[in-house]
Each structure stands twice: as C-alpha cells, then as structure tokens.
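Sequences listed follow chains Y and G, in order. For the first sequence, UniProt numbering gives the first residue as 1, with consecutive numbering after it. For the second sequence, UniProt numbering gives the first residue as 1, with consecutive numbering after it. Glycine included, C-beta positions come from ideal geometry on N, C-alpha and C. Computed from a prediction, not measured in an experiment: that's the story for all the values here.
2 protein chains.
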Amino acid sequence: MTERQAGSTTPKAHLIAAEVRRRIVEREWLQGERIPDEVELAVEFGAARATVNKALQLLADEGLLDRRRRAGTRIAINPVRKATFEIPIVREQIEGAGMSYGHRVMAVHRSPLPEDVALRLGMAAGQRLLHLRAVHYGDGRPFQYEDRWINPAALPGTEPVDFGHVNANEWLVRNAPYLRADMAFSAANADRRDARMLQTDPGQALLILQRTTWNEIGAITTVRVACHPGYRMTAAN
Amino acid sequence: MTERQAGSTTPKAHLIAAEVRRRIVEREWLQGERIPDEVELAVEFGAARATVNKALQLLADEGLLDRRRRAGTRIAINPVRKATFEIPIVREQIEGAGMSYGHRVMAVHRSPLPEDVALRLGMAAGQRLLHLRAVHYGDGRPFQYEDRWINPAALPGTEPVDFGHVNANEWLVRNAPYLRADMAFSAANADRRDARMLQTDPGQALLILQRTTWNEIGAITTVRVACHPGYRMTAAN
DNA sequence: CAGTGGTCTAGACCACGAG
DNA sequence: TCGTGGTCTAGACCACTGG
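Structure (structure tokens):
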C-alpha cells in the first residue's frame, strides 16, 4: 500500500479496505482485537482520514468490523454476514437466461380480502381489492405463478389499468415506486392450484416468495410467487 | 429542506436522500427523467457537493437512480430492488427468538467428496474432506439440519478441532473469515434422512439454504441447511 | 471529560463517455 | 471535447460513550 498502484483505477478506499480485509483473513488481526484508529491508519496508508473512514465503513457494513465512538474499531467476533438478492422484473430474468418470455393472466377479480392477506397488507379483512393470478413462462414452460392483490387507492394520478392485459409485475415496478417493502422466502408443498398452474404434481416442494410494498398512502400490493420446481435463488457475496 | 431541522441528529445526506425519494415516490420526478446535477442540488439544499453525492449514491445503491458520468442522473426505469438477508449464527437466531438452544452432532467422518459437492467447492471429486452432519434445536424441537463439508487445508494456523464436540457453525464463523461466499435458496421435498433429522415426514417441503465460503487458500466449507417445515426467511427493505 | 468515529465543507483533479 | 459524476484532501465541528 505504500507503493502507488501504477495505472490502477481502483479507488484508494477500496485498496485500503482490501488490505484491512487481508489482515483479518490472514489472521494478522484476530477477532475481537482493536485495530489502529482512523488517524493512525490514514498516516500508514498515506490517505486522508475521510478515505480511511470510507474504507472502514465498507467493512463495517459487511459485518466484518464493529465500530463505536470512543471505543474504537474492533474485528467483529461474530461477523454477521449478509446476502443480497436482486429482485429483477420476471421478464428480464427469463430473457436474461436466454429463454423466450411468455405471460398469461389466469384471473382478475375484485374480491374481498381474506384474513391472511389483509394481515399482510395491514388492512381490514373483507375490503374489496383487485385480485390477480398470472403465470410467467420461459420457453413455454411455467416459470412462476403469482397470486397478487393490488390496492388501487394507493395508485393515484395514474390511468386505470386493465390488468387483464397488462403485465402487472412490470406495470407496478415502473409506475408504483414504494417507500417500504417486505420480503420473505419459504417452502411449501404445491396445492392443486399451484400444481395446475406450474404443470407439476401436488405435493411438489416449491420455493415461495412473498412480497409486499407500501408508499405514503398505504399498502400498494402484496404478492405470493410460487417458483417452478428446482428453482434456485442465488446471491453472490 | 431549506429550513434546518432543529435538534435533528439525522445526517444531512439522509435528509437529502429522503427528499429525493419523496419526489420520486410522489411522482414529481418521473421514471426515466433526468434530475438536476449534483452542483445544482447542492445549491438547492445548501450542502456541499460531496454531501449530495453521498445522498444520491445511497439511492443509486438502492436501485432507484441510474447515474452515469457525463449523462447525469436519471430516475431508474426498472428499479431493480434488492433484498438483504442477514445470516446470523444459528444459536443467536434461536436464542433471539426466545427459545433455548440445543445442538447435536449426528456424524463426523473423513469421506471422499461426492461429485456434486466437489463441484460446489471447485475441487476434485474423491478427495477426502471432513463430513459433518448436525441438528440445531430450539426448545428441543429440530430447527435446522446441516450437512457440511470442511476443508482443513484452508484452515492453517489453527489447532486441530474436534468437530464431534465443537459447534462447527460457530467455530467457523469465528475462526475462518472468508473472502468470498456463495449462497442459494431453494425448496426440496424431505428425503428420509431429512425427515428423520427434522422429525417430520418424507415429502414435506423444506426451505434449503446452501452456502460455500472461500479464502485465499481455497474453499473452506460448504453446507446444505434444511430448515424445519414452515420456516420463513425474511428481509426488510 | 476526553478520545474516537460521524459528518460536513470547499476545493481540487480526474475518468468516463455522450454528443 | 467537455460536462458530469467519482474520488480524494485537509480541516473542522460534533456526537457519542468509555473510563
């Protein structure tokens, strides 16, 4: 780090972070130990304190460091690591995998909210919202089956949309920015409807994704996505 | 934003980010539109450019903005949002839920790598690694069943460990910091062993977590975790 | 109460890439 | 080519919180 990397475009903060990470991984600094403070490191690395700060913040965000005012910076004892999943538009995901995309709306109704869905949305059960069921296909084979509830009251200033023909997934992503979102993964045995929609057998284990979004008005939409058998949701780092 | 928030400890960069987010969510700025450049916003918000930069970087990391040199900053058309899951130590997760933790090692062997595991690790099949099977309990009920392979060669400078008695999950977290990790969620029907370990029935849908870590030497460990039926992995935002 | 990280600022130079 | 974001710096003040 004393030598300047010739021709490198890597930000100095990243280089410092990498060097600190190396000292941790190669056990020069052990879990629980306190490391030099920002000013010392700034001198060592020939950088401004702000740059060292940025580097250490990166590592703290990764869960590798534990930083506290006055107490200093320590190597985390239990590095709580994080996995980040990107939630792309289904169509892009399918086309990105080199398959052709298809989409079919199986049902659109204005229906009273069942108890469990109302709970997810934080609304009263029995209220009538838009209920939508659709299947996304990749190369003609079912990829995901989504069961979605939409709250039109949370979508002011937009034309009424015919979700029987429009792709709700894409329309919402593009037209309903949200402030808060909730997300959960679980597994479930396919019920008869899941099985029919995904062209598989009842009882088949399915990865279930549940997602709800809110804006300043209230809940926008909640969706339960059943993925085709064998689907893997992956994250790097 | 012109008025200074009296007594607020919220960083100015966060306030700016919140205001920009509001303009997006309330459709003052529409998807695809270009927003004022950093210098203009700095003037409007009475902040330094670096502060505005930090705020906009936050939103870009969220996937809400699309920033490019020379081209400026635009509201993302397809906001690819992210969900972040924290991977805690199992014991802390269980105790954090108010349950008592239990742990039992069901088997420890030095075995030749099966084809599929070797592939995950990027090693040659047939090589002999440490193979470990263990169950984590919450209030006496099975919580997770883990099937783990450990590469001792990637753990130099540490005493040999008796994983028959030590909790591998915790020992590795604390003693084997890694440089890269891989992670995937999927669903599977419980096979006979899964069912026995988790005290449930074969065929039951289980959430499967698969995780592999590497350091500068090579693969450290790979684990397949089968969660008890009904388990939900949640993320906020 | 004093040491440490958290944040902001004004200014600067540079890299990228759209036009 | 040149406007825009990316990054760094030196310096400053402040907010925590451990001792």
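Asked                                                                                                                                  : Found
Under 9 angstroms by beta carbon: chain G residues contacting Leu129 of chain Y                                                        : Within 9 angstroms Cβ-Cβ: nothing; Leu129 of chain Y doesn't reach chain G, min ~20 angstroms.
Where His109 of chain G sits in the DSSP three-state scheme                                                                            : strand
Chain-ordered neighbours of Ile77 of chain G on chain Y, where CB pairs are closer than 7 angstroms                                    : Arg174
Residue-chain proximity (Pro142 of chain Y, chain G), Cβ-Cβ < 8 angstroms                                                              : no
Simplified DSSP assignment, three categories, for Gly102 of chain Y                                                                    : strand
Where Trp171 of chain G sits in the DSSP three-state scheme                                                                            : helix
Residues sharing a beta bridge with Val225 of chain G, DSSP                                                                            : G:Glu146, G:Leu209
Three or more C-beta pairs below 8 angstroms linking the stretch 82-89 of chain Y and the stretch 42-52 of chain Y                     : no
Nonlocal neighbours in the same chain, by C-beta distance under 8 angstroms from Trp149 of chain G, ignoring five residues either side : Leu113, Val117, Leu121, Leu129, Leu130, His131, Leu132, Thr221, Thr222, Val223
Interfacial residues, the stretch 212-237 of chain Y to chain G, with Cβ spacing under 7 angstroms                                     : Asn215, Glu216, Tyr231, Arg232, Met233, Thr234, Ala235, Ala236, Asn237
Chain G residues whose Cβ lies nearer than 8 angstroms to that of Leu206 of chain Y                                                    : Ala187, Ala205
Short CB-CB distance (under 8 angstroms) between Phe85 of chain G and chain Y                                                          : yes
Per DSSP, cross-strand counterpart(s) of Asp66 of chain Y                                                                              : Y:Arg74
Beta carbon of Phe143 of chain Y nearer than 8 angstroms to that of Ile94 of chain Y                                                   : yes
Contacting positions in the stretch 138-163 of chain Y - beta carbon closer than 8 angstroms to chain G                                : Gly157
Boundaries (first-last residue) of the beta strand (DSSP E) holding Gly138 of chain G                                                  : 128-138
Every unbroken beta strand (DSSP E) within the stretch 158-203 of chain G, with a cutoff of 3 residues, ordered by chain               : 180-189
Rounded C-alpha distance that separates residue 238 of chain G from Val161 of chain G                                                  : Residue 238 of chain G cannot be examined here, being either before or after the span of chain G that is shown, 1 to 237.
Contacting positions in the stretch 94-121 of chain G - beta carbon closer than 8 angstroms to chain Y                                 : none
Neighbour list for Leu179 of chain Y in chain G, Cβ cutoff strictly below 8 angstroms                                                  : Arg21, Val25
Cα-Cα separation, Val20 of chain G to Ala76 of chain G                                                                                 : 13 angstroms
Contact check, Glu37 of chain Y vs Gly72 of chain Y, beta carbons under 8 angstroms                                                    : Per the sequence shown, the amino acid found at residue 37 of chain Y is Asp instead of Glu. In contact: Asp37 of chain Y and Gly72 of chain Y (Cβ atoms closer than 8 angstroms).
Span of the beta strand (DSSP E) around Glu86 of chain Y                                                                               : 81-87
Spatial neighbours of Leu59 of chain G in its chain, beta-carbon cut-off 7 angstroms, leaving aside the 5 residues before and after    : Ala17, Val20, Arg21, Leu65
Proximity of Leu56 of chain Y and Arg67 of chain Y at Cβ, strictly below 8 angstroms                                                   : yes
Extent of the continuous alpha helix (DSSP H) to which Glu95 of chain Y belongs                                                        : 90-96
Buried versus exposed call for Gln5 of chain Y [16 or more other C-beta atoms within 10 Å across all chains shown]                     : In this predicted model, Gln5 of chain Y has a pLDDT of only 36, less than 50, meaning its place in the structure is not dependable enough to derive any value.
Residue closest to Trp29 of chain Y, alpha-carbon to alpha-carbon, out of G:Gly126, G:Gly157, G:Ala124, G:Met197                       : G:Gly157
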